[in-house]
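Just add 2 to wherever you are in the sequence shown, counting from 1, and you've got my numbering. Glycine included, every Cβ here is placed at the ideal spot set by N, Cα and C. For reference, the structure is listed below as structure tokens.
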Amino acid sequence: KSHNVSILIYHFVCPAKYRRVVFSEAVDNSLKEICLEISYRYEFSFIEIGTDKDHVHFLIQSVPTLSPTKIIQAVKSITAKEIFRKHPEVKQKLWGGEFWSKGFYVNTVGRHGDENTITKYVQ
3 KSHNVSILIY HFVCPAKYRR VVFSEAVDNS LKEICLEISY RYEFSFIEIG TDKDHVHFLI
63 QSVPTLSPTK IIQAVKSITA KEIFRKHPEV KQKLWGGEFW SKGFYVNTVG RHGDENTITK
123 YVQ
């Protein structure tokens, strides 16, 4: 058996469709509850979730077998469905039937140094 150790942390930013202001306190609370449920079903966990009026920051720790795209597809799909179910007023604001914009931002987050520190270590 081989033993692998990994710490993969991603910072995602996901805007709401049309950059609409949809993240009220109630929607924010629901989003966090839904994400907790998601983390029970998938091999990733939410370290932090921060909402602004029209977008969300997710800090997610994952296993190497899940790509960032697969992670955010699951998050966006499940959260959209559940937020529309719990908050029908949000669905009315987003007339197209989609909660999230198509794109997202992702970056890795290092626990053991920034790019310069790691570059010097590797050299």
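Spatial neighbours of ASP56 in its own chain (CB-CB distance under 8 Å, excluding positions within 5 residues in sequence) are listed in chain order as PRO17, ALA18, ARG21, ARG22, VAL23, VAL24, PHE25. Between TRP97 and ALA82 a beta carbon distance of about 14 Å is seen, past the 8 Å cut, so the two are scored as non-contacting. Annotation: PRO90 to LEU38 spans about 21 Å, alpha carbon to alpha carbon. Taking C-beta separations shorter than 6 Å and ignoring five residues to either side along the sequence, the partners of GLU84 in its chain run ILE36, following chain order.
As for any beta strand (DSSP E) of minimum length 3 sitting wholly inside the stretch 72-121, the runs are 107-111, ordered along the chain. In this model, SER64 and LYS78 are separated by some 16 Å (Cα to Cα). At the C-beta level, ILE80 and TYR12 stay beyond 8 Å of one another. Taking C-beta atoms as the reference points, VAL108 and PHE14 count as a pair closer than 8 Å.
Between PHE106 and ILE73, the beta carbon gap of about 10 Å keeps them out of contact (Cβ cut-off 8 Å). Under the three-state reduction of DSSP output, TYR12 falls in the strand class. When the Cα atoms are used, SER47 and GLU100 turn out to be separated by approximately 24 Å.
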